[in-house]
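Numbered by mature numbering (1 follows the signal peptide of the UniProt record, and there is no 0), the letters in the sequence shown go through residues -30 to -1, 1 to 585 in order. No residue lacks a Cβ here, since even glycine has one placed at the ideal position from N, Cα and C.
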Amino acid sequence: MIPFSLRHSLRAALAAVCMSVCLTPGWLWAAGGPEEETLELFSAWQAGSSGVTRSPKPLSQTAENVTVITAAEIKALNAHTLADLLDMVPGLQLQHNGGPGIIAYTQIQSASFEHVLLLLDGIPLTNPSSNFSDVSAIPARIIERVEIVKGPASTAWGSALGGVINAITKAPERDRLFSGTAAAAIGSRTTSDSSLELSGTSKRLGYYLSAGFLGSDGLVPLTGINSTNFHGRLTWDLPEQGQLFAQVNSTNARQGDLYAPAYDLIQRDDKRLINALVGLRYPLTERLELAVSGYHTYTRQWASYYNISDGAVWWGQSPDLPKAFVSDSSLGATASLTWRGDGHLLVAGGDYRHLEITGNSVDSASYSPYQRESDRWGLFLNDTISLGRFTLTPGLRFDRPRTAPDQFSASLGATWQVSDSTLLRAYVARGYGMPVLLPQYDPRPAKILTTQVGVENSSIPYLWLKATLFRNMTWGDDVEQQLAQGAELELRTKPLFHTSLGGGWTYTDTHRTSDGTPVHADKPTQTLKLSLTYDDGTFRGMLTGRHIFWNNAPEDNGKNGLIWDLHLGATLYQREHTALELFFSGRNLFNSQYYNRDVFPSVGRWFEGGMRVRF
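Shown next, in the form of structure tokens:
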């Protein structure tokens, strides 16, 4: 007997495939040859590279389960924020509280959002006061690529029990003094997104500047948003080799982050987020490179809670204290040496981070201010040893978090290029996740021991397949021991007549090791992602589908609908450096319900269209 949830997902997958075939124009499958390019749908195909061990290397030498989102995919999705991009990554589950810019909780293969580390160009943006990663606050337009590690990556990054999301921003345009992009979109409920990007290089100085506005009356009731963002990056090429760089990113927003009719509750936030980075990359010899950087992050949030029914201060708070306040700030530095020897890629270095949090807790009886500081430092050593078609990747890291016991992380991975079309991967690692930096929480970090094995194959013409089995044992952090085990399957096709297909399915079973009982809360069992893409250079379109079986308790009344989005684009005018594009998106085309709890209603059907000018 096939379980109901599995039958549900299989029916959804079959329907999706049938719809994809029906929606593909018949003339696309007429006579013709294969495309020369690979569209790289949500996987970099093994010719790509990643920096999951803190130095770029080929994905064919990467033992971890990694997905790379490329610039072409970002454009095809007509994305507003990083959250829109992550929605289509196999193995990731996002619970959205509203439309673009409204907070979304990100899980990786059912690991809780508190254990997912968010990086922007290597800067940790996960708030220590809540361990929340605000993926909706990073505009998609500034991102060049995203690298995602699905599974613990503590030997490289420290507190990364559930995985890592590293958004890498755009570099200055080379060989041009001045270039740019202006874009504007308008949609349902006066949702608008407008931006201007400028980029260029003059001799040794390069620059990339971006400013934008995101606004909406609220695609979910009472979740409107008014948000502005600025991002700037400067680079200076040193006389012989190496580069100095500096960047700043700032977001100011007023938004409704929660609409919970079951509790007669709305939450409105005033947010300010800023981060800055300065650094140096310099080759000391032909094989040895030094990288040094320092950063500052600051997040401030005022949260106000009101009744939906009458707009009064929410019943759970004192009327004269309607707001909760929290401020997170950090100062950090990283230094590393990378040695590229014969058959070796050795990375050694250290991290330091000073954290400060300030805030208050507001309830019906008291006002409780708090303040806490912590110094955290770590030392890491990772190697990639190439032995012909076989690669070994050991890793070690020691962390001293001050407010918790010292942590030791270790990993050992291997890849074997069996043939030109088959790659085997294996990975075992011990990692950890820091608890929330508040006095009332248990200071003991959560621990994880993971084992992963996988295979990638492209022997079938035009088709790339990737399969991964994983077993994650977690314990500590005042949580009883749990075992999550499952499988992930991805497939992509190379473009045939400008058209390609993609899909990903993830199954996870989580249960307590003490008695074998299943764990329901926030532990989705199945995730399905589908895509059909057409791009001939003038016209493009992408149809995407996503389904999550949330597996919450019956009283949560979660909905597991299949969400279909359609993204279209057309280049009306194009010259060497100039282009005019129109784009359109229809989201949640069939108005499906899609949430893990009924207190957080999902965004229904909505549309938007816009224009982009490149110069």
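>> My output table needs one value for Arg174: the three-state DSSP class, helix, strand or coil.
In response: Coil at Arg174, not helix or strand.
>> Between Phe135 and Leu89, how many whole angstroms is the CB-CB distance? I'm expecting something under 8 Å.
In response: Going by the sequence as given, residue 135 is Ile instead of Phe. With a contact defined as Cβ atoms closer than 8 Å, Ile135 and Leu89 qualify at about 7 Å.
> In chain order, what residues of the same chain have a beta carbon less than 6 Å from the beta carbon of Thr267, not counting five sequence neighbours either side?
Replying inline: Only Asn245 and Ser300 meet the Cβ criterion.
> For Gln237, which three-state DSSP category applies?
Replying inline: In this structure, Gln237 counts as strand in the three-state DSSP scheme.
>> I'd like the span of the alpha helix (DSSP H) that includes Ala53, first residue to last.
In response: Ala53 -> alpha helix (DSSP H) spans Leu52 to Leu56.
>> Quick check on Gly424: buried or exposed, where buried means 16 or more other Cβ atoms within 10 Å of its Cβ?
In response: Only buried fits Gly424, as 16 or more other CB atoms lie within 10 angstroms of its CB.
> Do you know how far the Cα of Thr444 is from the Cα of residue 591?
Replying inline: In the structure displayed, the chain extends from -30 to 585; residue 591 sits before or after that span and is not available.
> The alpha helix (DSSP H) spanning Thr125 covers which residue range?
Replying inline: Ser124 to Trp127 is the span of the alpha helix (DSSP H), which, as asked, contains Thr125.
> Helix or strand or just coil, what does DSSP make of Ala216?
Replying inline: In the three-state reduction of the DSSP assignment, Ala216 falls in the strand class, which pools E and B.
> Which same chain residues, not among the five before or five after Arg144, have their C-beta less than 7 Å away from its C-beta?
Replying inline: Thr171, listed in sequence order.
> Where Phe577 and Thr548 are concerned, what is the direct C-alpha to C-alpha distance, given to the nearest angstrom?
Replying inline: One C-alpha to the other measures close to 27 Å.
> Could you give the residue range of the beta strand (DSSP E) that holds Ala294?
Replying inline: Taken as a continuous stretch (DSSP letters only), the beta strand (DSSP E) holding Ala294 covers Lys293 to Gly311.
> What do you get for Ser334, buried or exposed, if any count of 16 or more other CB atoms within 10 angstroms of its CB means buried?
Replying inline: With a pLDDT of 45 at Ser334, under the threshold of 50, the modelled position of that residue is not reliable, and the figure given next carries that caveat. Ser334 should be labelled exposed.
>> Going by DSSP, what residue range makes up the beta strand (DSSP E) through Glu117?
In response: Going by DSSP, Glu117 is part of the beta strand (DSSP E) stretching over Ile113 to Lys120.
>> Extract the residue ranges of the alpha helix (DSSP H) inside the region 17 to 102, only unbroken runs of 4 or more that lie entirely within it.
In response: For the region 17 to 102, whole alpha helix (DSSP H) runs of length 4 or above, ordered along the chain, are 41 to 46 and 52 to 56.
>> For the pair the region 101 to 108 and the region 520 to 537, tell me if three or more CB-CB distances fall below 8 Å.
In response: Short answer: they don't touch.
> Which class does Thr548 belong to by DSSP, given the choice of helix, strand or coil?
Replying inline: DSSP places Thr548 in coil when its eight states are reduced to three.
> Ordered along the chain, which non-local residues of its own chain (more than five positions away) have a Cβ less than 7 Å from that of Ile355?
Replying inline: These residues qualify, in order along the chain: Gly313, His314, Thr361 and Leu362.
> Which first and last residues belong to the beta strand (DSSP E) in which Gly473 is found?
Replying inline: From DSSP, the beta strand (DSSP E) with Gly473 extends over Thr469 to Arg482.
> Taking buried to mean at least 16 other C-beta atoms within 10 Å of its own C-beta, is Gln377 buried or exposed?
Replying inline: Classification for Gln377: buried.
>> Suppose you measure from the CA of Leu9 to the CA of Lys293; what does that come to, to the nearest Å?
In response: Legend: pLDDT at Leu9 = 35, less than 50; position of this residue unreliable, value from coordinates given subsequently. Rounded to whole angstroms, Leu9 and Lys293 show a C-alpha spacing of 48 Å.
>> Cutting at 6 Å between CB atoms, please list the residues of its own chain near Pro488, excluding the five before and the five after it.
In response: Here the set comprises His481.
> Between Thr392 and Glu426, what straight-line distance do the alpha-carbon atoms span, to the nearest angstrom?
Replying inline: One alpha carbon belongs to Thr392, the other to Glu426, and they sit about 6 Å apart.
> Apart from the five residues just before and just after Ala261, which ones in its own chain have a Cβ nearer than 6 Å to its Cβ?
Replying inline: Hits under 6 Å: Arg251 and Ser306.
> Going by DSSP, which residues form a beta bridge with Gln387?
Replying inline: According to DSSP, Gln387 bridges with Leu393.
>> Give me the residue from Phe509, Ala42, Gly68 and Gly21 with the minimum Cα distance to Tyr564.
In response: When only C-alpha atoms are compared, the closest one is Gly68.
> Can the beta-carbon of Arg203 be found less than 7 Å from the beta-carbon of Tyr178?
Replying inline: Yes, they are a contact pair.
> So what does residue 608 bridge to, in DSSP terms?
Replying inline: This structure gives no information on residue 608, because the portion of the chain shown stretches from -30 to 585.
> Hey, is the region 51 to 61 in contact with the region 72 to 80, meaning 3+ C-beta pairs nearer than 8 Å?
Replying inline: Judged by Cβ distances under 8 Å, the region 51 to 61 makes contact with the region 72 to 80, as three or more pairs qualify.
> Should Leu95 be listed as close to the ligand FMN, given that the test is whether its C-beta is under 6 Å from any heavy atom?
Replying inline: This structure does not include the ligand FMN; it has no bound ligands of any sort.
>> Rounding to the nearest angstrom, what Cα-Cα distance links Glu84 and Leu147 in this structure?
In response: Cα-Cα distance, rounded: 43 Å.
> Can you give the beta carbon distance from Glu34 to Ala123, rounded, assuming they're within the 8 Å contact cut?
Replying inline: Contact between Glu34 and Ala123 holds: CB atoms are separated by about 7 Å, below the 8 Å threshold.
> Quick one: what's Arg370 bridged to in DSSP?
Replying inline: For Arg370, which the question treats as bridged, DSSP gives the partners Trp347.
> Under a three-way DSSP split, which group does Ser555 fall into?
Replying inline: Assignment of Ser555 by DSSP, reduced to helix, strand and coil, places it in the strand class.
> Phe560 to Leu513, Cα distance in whole Å?
Replying inline: When rounded, the distance between both Cα atoms is 13 Å.
>> What does DSSP give as the partner residue(s) for His266 in the beta ladder?
In response: Listed as beta-bridge partners of His266 by DSSP are Ala246 and Leu301.
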